[in-house]
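Asks: Residue numbers (the UniProt record's numbering): 2 to 395.
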Ligand code: PLP
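(1) With burial defined as no fewer than 16 other Cβ atoms inside 10 Å of the residue's Cβ, what is the status of residue 72: buried or exposed?
(2) In chain order, what residues of the same chain lie with their CB nearer than 8 Å to the CB of residue 158, ignoring the 5 residues before and after it?
(3) Any chance you could list the residues with Cβ under 6 Å from a heavy atom of the ligand PLP, keeping chain order?
(4) Excluding sequence positions up to five away, which residues of its chain have a Cβ less than 8 Å from the Cβ of residue 131?
(5) Note the first and the last residue of the continuous beta strand (DSSP E) segment covering residue 140.
(6) With three or more beta-carbon pairs closer than 8 Å as the criterion, would you say the region 295-304 touches the region 239-248?
(7) Tell me, please, which residues DSSP counts as bridged to residue 233.
(8) Does the beta-carbon distance from residue 281 to residue 53 come in below 8 Å?
(9) Between the alpha carbons of residue 291 and residue 211, how many angstroms are there, rounded?
(10) Using only CA atoms, which one of 44, 343, 137 and 107 lies nearest to residue 202?
(11) Determine the extent of the alpha helix (DSSP H) in which residue 345 is found, giving its start and end residues.
(12) Within 10 angstroms of the Cβ of residue 32, are there 16 or more other Cβ atoms? Answer buried if so, exposed if not.
(13) Could you check what DSSP says for residue 122 in three-state terms: helix, strand or coil?
(14) From what residue to what residue does the alpha helix (DSSP H) around residue 72 run?
(15) Taking just the CA atoms, how far does residue 263 sit from residue 255?
(16) Measuring alpha carbon to alpha carbon, tell me which of 112, 154, 147 and 365 ends up nearest residue 139.
(17) One question on the structure: do residue 42 and residue 238 come within less than 8 Å of each other, judged by their Cβ atoms?
(18) Alpha carbon to alpha carbon, what distance is there between residue 313 and residue 332?
(19) Quick check on the DSSP output: what are the complete alpha helix (DSSP H) runs of length 4 or more inside the region 279-304, in order along the chain?
Put into structure tokens, the structure is as follows:
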């Protein structure tokens with residue numbers, strides 16, 4: 002018959018797309034829009050990384066590599082796991098892909114069967130539920146409430162787990178909340194996973210962007226949890242390399258062999274030149290990360306302090322990533338300058354139309370009482386944007 006793929010027609014378009022498209026159009030029309038929408042560092046890829054890519058091209062290192070990535074890059078990734086996370090992996094435990102998103106896709110494809118359930122915390126990064134559906138499994142949404150620091154609690158997890166549960170997706174530091182789990186919290190989750198025989202997909206893409214505390218990989222908490230964890234990471238956020246499209250995962254050989262086969266037919270190797278650049282990023286000077294962190298801390302502190310002085314708005318101090326989830330529950334039902342705000346989309350549209358400020362409505366993350374502000378933009382923009390928001394809701 003002529004029906005398009007039923008499974009794939011159920012995949013949602015990004016809710017944020019409409020509002021970002023509108024903000025872009027306004028900017029193109031010469032309107033001075035302040036954007037808090039960025040999902041990527043506002044820094045250029047460091048010089049030595051760009052130089053390594055140029056060098057690879059000039060040396061003619063431009064052909065296919067092994068489908069799962071260059072051995073030298075996998076070795077650099079293993080060194081990173083050892084040095085940063087106290088995790089021992091061998092190159093045969095690593096697959097390099099076209100961004101961490103692709104690694105997540107591969108991991109879920111390798112693990113899931115129809116009818117399996119995968120637990121996702123709300124607010125969630127937009128792609129998790131759709132990636133689970135693409136793997137024929139069912140996303141089970143578990144509220145991670147602000148009063149619990151936007152984290153899973155033991156009770157909330159145990160309530161959501163049943164005989165169909167296959168995996169838990171964990172994202173620390175978190176997008177959109179900036180939350181970082183403590184080692185003890187991770188231990189609790191690891192115990193549950195071992196006891197209930199579940200996989201953990203641990204998305205650690207914001208690992209380097211932590212301002213309070215230290216990153217702990219759940220896989221490092223013991224051999225049993227390591228065996229059942231797929232660690233996801235990548236170059237995008239730590240090295241300001243979003244466009245290079247290199248991500249990677251580490252897992253047991255059993256999982257890796259399924260993923261290798263999928264990737265060998267779906268995409269072959271990720272971009273060869275970007276792989277050489279990634280070797281330079283992992284092995285080279287880590288100074289640029291420190292610089293980026295310094296800027297992010299200053300912006301975060303300003304943003305959080307300012308938001309909490311604005312009537313009707315509040316937010317908790319995020320420990321990592323570059324996002325602030327702003328609680329707008331006191332705005333809902335109010336009318337400003339003739340606009341009535343019934344939900345996060347209304348508020349985001351109002352801010353864009355009236356204040357010329359672009360934000361991401363919380364509904365995109367399953368959390369309609371919030372908007373997400375990114376501080377991957379200059380302090381000057383942050384000051385101006387927050388001033389506009391404050392005036393718009395006076
Ligand atoms: N995971 C999370 C939580 C993210 O926020 C993002 C990017 O926004 C990704 C994964 C994907 O990153 P990549 O550019 O490596 O595909």
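Just so it is clear, CB atoms sit at the ideal spot from N, CA and C, and this is done for glycine as well. Given the structure is predicted, the values throughout are model-derived calculations rather than measurements.
Replies: In short, the structure shows the following:
(1) If you draw a 10 Å sphere on the C-beta of residue 72, you find fewer than 16 other C-beta atoms in it, and that means exposed.
(2) Around residue 158, the same chain offers 120, 143, 169, 190 and 193 as residues with beta carbons nearer than 8 Å, after the five sequence neighbours per side are excluded.
(3) Listed along the chain, these residues meet the criterion: 40, 100, 101, 102, 126, 172, 176, 204, 206, 235, 237, 243 and 248.
(4) Cβ within range, chain order: 12 and 13.
(5) Secondary structure note for residue 140: its beta strand (DSSP E) is the uninterrupted segment 139-144.
(6) Cβ pair count under 8 Å is below three, so no.
(7) Per DSSP, 204 and 250.
(8) Yes, the Cβ-Cβ distance between residue 281 and residue 53 is below 8 Å.
(9) About 11 Å.
(10) With distances taken between Cα atoms, residue 202 lies closest to 107.
(11) Per DSSP, residue 345 belongs to the alpha helix (DSSP H) from 345-351.
(12) Looking at its Cβ environment, which holds fewer than 16 other Cβ atoms inside 10 Å, residue 32 is exposed.
(13) Look at residue 122 here: in three-state DSSP terms it is strand.
(14) Taken as a continuous stretch (DSSP letters only), the alpha helix (DSSP H) holding residue 72 covers 72-86.
(15) Going from the Cα of residue 255 to the Cα of residue 263 covers about 13 Å.
(16) With respect to the C-alpha of residue 139, the residue from 112, 154, 147 and 365 having the closest C-alpha is 112.
(17) A contact, by the Cβ cut-off of 8 Å.
(18) If I take the Cα positions, the gap works out to 6 Å.
(19) Listed in chain order, nothing qualifies, since the region 279-304 has no complete alpha helix (DSSP H) run of 4 or more residues.
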